[in-house]
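To keep things clear, I will list the structure first and then write my remarks on it.
Protein chains: 2
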Amino acid sequence: MAEQKATNVYWHEGEVTRNDRANLLGQQGATLWFTGLSGSGKSTVAVELEKALLAKGKLSYRLDGDNVRLGINKNLGFSAEDRTENIRRVGEVSKLMADSGVLVLNSFISPYIQDRDQVRSLHEVANIPFIEVFVDCSLEEAEKRDPKGLYKKARAGEIKNFTGIDDPYEAPTNPEIHLHTDKMTLEEEVDAIVAALAELNLLTEPKA
Amino acid sequence: MAEQKATNVYWHEGEVTRNDRANLLGQQGATLWFTGLSGSGKSTVAVELEKALLAKGKLSYRLDGDNVRLGINKNLGFSAEDRTENIRRVGEVSKLMADSGVLVLNSFISPYIQDRDQVRSLHEVANIPFIEVFVDCSLEEAEKRDPKGLYKKARAGEIKNFTGIDDPYEAPTNPEIHLHTDKMTLEEEVDAIVAALAELNLLTEPKA
Chain A
7 MAEQKATNVY WHEGEVTRND RANLLGQQGA TLWFTGLSGS GKSTVAVELE KALLAKGKLS
67 YRLDGDNVRL GINKNLGFSA EDRTENIRRV GEVSKLMADS GVLVLNSFIS PYIQDRDQVR
127 SLHEVANIPF IEVFVDCSLE EAEKRDPKGL YKKARAGEIK NFTGIDDPYE APTNPEIHLH
187 TDKMTLEEEV DAIVAALAEL NLLTEPKA
Chain B
7 MAEQKATNVY WHEGEVTRND RANLLGQQGA TLWFTGLSGS GKSTVAVELE KALLAKGKLS
67 YRLDGDNVRL GINKNLGFSA EDRTENIRRV GEVSKLMADS GVLVLNSFIS PYIQDRDQVR
127 SLHEVANIPF IEVFVDCSLE EAEKRDPKGL YKKARAGEIK NFTGIDDPYE APTNPEIHLH
187 TDKMTLEEEV DAIVAALAEL NLLTEPKA
């Protein structure tokens, strides 16, 4: 858990509120957190969802392990400590973006329950919706897909600390949305998420 | 400069583009970087600009040293190294938010030219507009205002490494916008920025 270092720091309250931005956009910002094994289909469904939301006139933005690690988290590796800091920072970025009004689609293996719960807490404290989406796929199926050839490298010992092989994956116990990507079509997955967002009133202006 | 640690990392290109989001919003995302001494008026003008942009139906969001240091950068202090990492991370967050379509208003003392230029480079490489706004105010005037009582503490030796007192401020040599907050009214400052944004075609859809 990161420690607060800076003192003499005060929150500067603006006069434009989150509700003002939500009314401008006709939607409410939120963090959707896709968690699952490498190859489970997290980015695939996020990419498709992004298109579906645009078609509805809704603003979304994708963050994923790969593009974040080339930027904000370029100085982090894959040790347990660095993975935790990786997820913490992404959680904070996503919270800021969701506060700005964006539907943020985060695709991260994020294997540890404690890390995901920390991000959930950050959002709950700020009263920003956090929606955990379990992208569920058996290890056998994910390893068979192996879209980036990473399981093969991990089995050969060329990659260490690989989730599902020599590092654990802790599945969500009570996710807001549970996708079974080895049984559902991509279209069914997207429809399920859009329906859940509508149910939560995130695709319209906030109630007065 | 942060070093790239993670390997086996690839950029996942989505199918929704920055232009798609800009067309949806009727604006183009950009980073506005307000730099200047503590008490120079950075947050004051950003707060007022945010209101003016909302009145025009434009989405903006403010990041500043105080709220960022309570979140994404809570594990950083005020050493030269931590200040550099602070600005680097903010630059990356702002770049992501600007890419999503938001006009991001960053108020940071950001005293070192090298740090600000690093953020500028990040944006240039990604072809995202970066607008440096020099919030210029003499040290005498800023110290007279001393809205948070920090200069008094710094003079008394209770705060170390305070910009302008025992740490340098390196003024921008060629900022996109130069405000003189000890000579201009707040309204004149906001008008100058809005005019500059319009001139850069950021307040309308991108040209086809």
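Residue numbers (this note's numbering), protein chains in the order written: chain A, 7 to 214; chain B, 7 to 214.
The beta carbon of each residue, even a glycine, is placed where N, CA and C say it ideally should be.
Given the structure is predicted, the values throughout are model-derived calculations rather than measurements.
{"query": "Chain A contact for D26 of chain B (CB, 9 Å cutoff)", "result": "yes"}
{"query": "Test item: CB-CB of L69 of chain B and F140 of chain B under 9 Å", "result": "no"}
{"query": "N- and C-terminal bounds of the beta strand (DSSP E) containing I137 of chain B", "result": "136-142"}
{"query": "CB contact below 9 Å: K57 of chain A versus chain E", "result": "Within the model displayed, chain E is absent; protein chains A and B are what it includes."}
{"query": "CB contact check: G42 of chain A to chain B, cutoff 9 Å", "result": "no"}
{"query": "Contact between the segment 31-47 of chain B and the segment 124-140 of chain B (3+ Cβ pairs under 8 Å)", "result": "yes"}
{"query": "Span of the beta strand (DSSP E) around D70 of chain A", "result": "66-70"}
{"query": "Local conformation of M7 of chain B per DSSP, three classes", "result": "Its pLDDT being 46, under 50, M7 of chain B is placed unreliably in this model, and the value from its coordinates should be taken loosely. Correct three-state label for M7 of chain B: coil."}
{"query": "Buried versus exposed, by CB contacts within 10 Å (16 or more), A148 of chain B", "result": "buried"}
{"query": "Close Cβ partners of A160 of chain A (< 6 Å) along its chain, the five nearest in sequence each way excluded", "result": "F168, I171"}
{"query": "With 16 other Cβ atoms within 10 Å as the buried cut-off, status of P37 of chain A", "result": "Strictly speaking, residue 37 of chain A in this sequence is Thr, with Pro absent from that position. Counting Cβ neighbours within 10 Å, T37 of chain A comes out buried, since at least 16 surround it."}
{"query": "Euclidean distance between Cα positions of S144 of chain B and K189 of chain B", "result": "11 Å"}
{"query": "Sub-9 Å separation of S106 of chain A and L128 of chain B beta-carbons", "result": "no"}
{"query": "Neighbourhood of P59 of chain A by C-beta distance below 6 Å, restricted to the same chain and skipping five residues each side", "result": "This sequence places Leu at residue 59 of chain A; Pro is not what is there. Closer than 6 Å at the Cβ level, and outside the excluded window around L59 of chain A, lie S66."}
{"query": "CB contact check: I115 of chain A to chain B, cutoff 9 Å", "result": "no"}
{"query": "T50 of chain A - containing alpha helix (DSSP H), residue span", "result": "48-61"}
{"query": "Closer than 9 Å to chain B by CB, N167 of chain A", "result": "no"}
{"query": "Residues that E98 of chain B contacts on chain A, provided the C-beta gap is smaller than 8 Å", "result": "G77, I78"}
{"query": "Any C-beta of chain A under 9 Å from that of N81 of chain B", "result": "yes"}
{"query": "6 Å CB neighbourhood of V51 of chain B in its chain, flanking five on each side removed", "result": "E195"}
{"query": "E87 of chain B to Y118 of chain B span [Cα, whole Å]", "result": "11 Å"}
{"query": "Continuous alpha helix (DSSP H) assignments of at least 4 residues falling wholly in the segment 122-203 of chain B", "result": "145-151, 156-161"}
{"query": "Three-pair Cβ contact test at 8 Å for the segment 191-208 of chain B versus the segment 24-37 of chain B", "result": "yes"}
{"query": "Residue range of the unbroken beta strand (DSSP E) whose run includes V110 of chain B", "result": "109-113"}
{"query": "Residue-level contact to chain A via CB, Y118 of chain B, 9 Å cutoff", "result": "no"}
{"query": "Cutoff 9 Å: K158 of chain B Cβ touching any chain A Cβ", "result": "no"}
{"query": "Where T90 of chain B falls: helix, strand or coil (DSSP)", "result": "helix"}
{"query": "Members of the segment 136-153 of chain B that neighbour chain A once the beta carbon cut-off is set at 9 Å", "result": "none"}
{"query": "Member of B:S116, B:A132, B:D26 whose CA lies at the smallest distance from the CA of K213 of chain B", "result": "B:D26"}
{"query": "Presumed contact (8 Å Cβ cut-off) between E176 of chain B and V53 of chain A, rounded CB distance", "result": "About 42 Å; that fails the 8 Å criterion."}
{"query": "Contact residues within the segment 175-188 of chain B, judged by C-beta distance below 8 Å to chain A", "result": "none"}
{"query": "Minimum Cβ-Cβ distance from K213 of chain A to chain B less than 9 Å", "result": "no"}
{"query": "Test: G63 of chain A CB closer than 9 Å to a CB of chain B", "result": "yes"}
{"query": "Sequence-distant residues of the same chain with beta carbon closer than 7 Å to V74 of chain B, five excluded per side", "result": "V96"}
{"query": "Buried versus exposed, by CB contacts within 10 Å (16 or more), E56 of chain B", "result": "buried"}
{"query": "Bridge partner(s) assigned by DSSP for L38 of chain B", "result": "B:L111, B:I137"}
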